[in-house]
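If you read the sequence shown in our numbering, its first letter stands for residue 1207, the second for the next number, and so on.
Glycine is no exception: its CB is placed at the ideal position from the N, C-alpha and C atoms.
Notes follow the structure.
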Amino acid sequence: MSDLERLHELQLTDSALDHMAYRRSHLEERVAFNATQAHTQGTRKALAANVARRAELDRQYAALEASAREIDTKVTRLEGQMRNVVVTREAEAIQREVATLKAERDAADEQGLVLLDESETLSAAAALLEAEIAEAETAEGSAAAVLAVADAALDAEAAGLSERRRELAAGLPGALVSLYESRRPAFKGVAVAKLQGTRCTGCHLDLSRVEIEALWAVPQDELPECPQCARILVR
Ligand SMILES: [Zn+2]
């Protein structure tokens, strides 16, 4: 293998290593795991909202009960007064007040039933949500295990590539490796391309016959470059 061919191999290895992060974040197993995690979180959130709403209903119900007790006390007091009243008009006034209070009491009872009804519906929903969370957590755990396996496979692949990179770099003149590394940033990591037929694999443009002839005419001690993208072009 010539130095340039070896340099191109080094480039391919570096590109594969560069692609690793993308592959890691786009792993099918990671996408699946993220979905299970989002589901668990969403369900937990729904349960928290359910619990908060039931607490609010409990508060409202307690307030209703307190006002019902107040009404009952008033009614008892008024009925006590009734026994001592002799004037008809006064008795009628008390009766009207008692009737109003009893109507209020009925309305409170009715509202209490509405609250209890909603609370019961929410309790049933909460039981379902709890079961769903347990299921979602199990699914998340399985997905995490599958993801760990996929990540480990990528780790092994990355370790292999790094080892290959070390070997390739060790077999090249240090100055050439330094030059290559210094040029990589300007070319989004790809500083070395190959001429495939008439096409540069770096910019994917075709070279003319004259350009290809010029490329072959480059002396051994100089680096051939693509006339379009200026990458080192391996013939
Ligand atoms: Zn090119």
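Check whether the stretch 1215-1234 touches the stretch 1368-1375, counting contact only when three or more Cβ pairs, one atom from each stretch, lie closer than 8 Å. Yes: the two stretches touch, three or more of their Cβ pairs being nearer than 8 Å.
Excluding the 5 residues flanking Arg1311 on each side, which residues of the same chain have their C-beta closer than 8 Å to its C-beta? Here the question's residue 1311 lines up with position 105 in the sequence shown. Non-local C-beta neighbours of Arg1311 in its own chain, meaning closer than 8 Å and more than five positions away in sequence, comprise Ala1274, Ile1277, Asp1278 and Val1281, ordered along the chain.
Within the same chain, show all residues whose beta-carbon is closer than 8 Å to that of Val1440, passing over the 5 residues directly before and after it, in chain order. Numbered from its first residue, the sequence shown carries residue 1440 at position 234. Excluding the 5 residues flanking it on each side, Val1440 has same chain C-beta neighbours closer than 8 Å at Leu1210, Glu1211, Leu1213, His1214, Val1398, Ala1399, Lys1400, Leu1401 and Pro1430, in chain order.
Taking only the alpha-carbon atoms, compute the straight-line gap between Cys1406 and Gly1395 and give it to the nearest angstrom. Residue 1406 sits at position 200 when you count from the first residue of the sequence shown. Residue 1395 sits at position 189 when you count from the first residue of the sequence shown. One alpha carbon belongs to Cys1406, the other to Gly1395, and they sit about 16 Å apart.
Out of Ala1359, Gly1366, Gln1266 and Glu1343, which one is the CA nearest neighbour of Leu1319? In the sequence shown, counting from the first residue as 1, residue 1319 sits at position 113. With distances taken between Cα atoms, Leu1319 lies closest to Gln1266.
Taking the beta strand (DSSP E) that Leu1439 belongs to, which residues open and close that run? Start at 1 with the first residue of the sequence shown, and residue 1439 comes out as number 233. Per DSSP, Leu1439 belongs to the beta strand (DSSP E) from Ile1438 to Val1440.
Mind checking which residues open and close the alpha helix (DSSP H) that includes Lys1394? What you label residue 1394 is simply residue 188 of the sequence shown in a count that begins at 1. Segment: none, Lys1394 is in no alpha helix (DSSP H) and carries neither H nor E.
May I ask whether a heavy atom of ligand 1 can be found less than 7 Å away from the beta carbon of Leu1411? Your numbering for residue 1411 matches position 205 in the sequence shown. Checking the Cβ of Leu1411 against ligand 1 gives yes.
Looking at C-beta atoms only, is the number of pairs between the stretch 1411-1427 and the stretch 1230-1249 that lie closer than 8 Å three or more? Taking one beta carbon from each stretch, the stretch 1411-1427 and the stretch 1230-1249 have fewer than 3 pairs nearer than 8 Å; the two do not touch.
Taking 7 Å as the cut-off, is the C-beta of Arg1437 nearer than that to any heavy atom in ligand 1? For the purposes of this step, residue 1437 is taken as residue 231 along the sequence shown, with counting starting at 1. Because some heavy atom of ligand 1 lies under 7 Å away, the Cβ of Arg1437 counts as near it: yes.
Which whole-angstrom value is the C-beta distance of Leu1335 and Ala1252, which I expect to be below 8 Å? As a first step, residue 1335 is located in the sequence shown; it is residue number 129 there, counting from the start. As a first step, residue 1252 is located in the sequence shown; it is residue number 46 there, counting from the start. Yes, they are in contact, since the Cβ atoms of Leu1335 and Ala1252 sit about 6 Å apart, within 8 Å.
Grouping DSSP H, G and I as helix and E and B as strand, with all else coil, what is Leu1270? Position 64 of the sequence shown holds residue 1270. Leu1270: helix per DSSP, three-state reduction.
Kindly examine ligand 1 and report whether one of its heavy atoms sits closer than 7 Å to the Cβ of Gly1403. The residue you call residue 1403 lines up with position 197 of the sequence shown. False, no ligand heavy atom lies under 7 Å from that Cβ.
Contact between the stretch 1226-1235 and the stretch 1351-1360: three or more CB pairs below 8 Å? Segments in contact, yes.
Taking DSSP as the reference, what is the three-state secondary structure of Asp1412? Within the sequence shown, residue 1412 is the residue found at index 206, counting from 1. Looking at Asp1412 - three-state DSSP - the assignment turns out to be strand.
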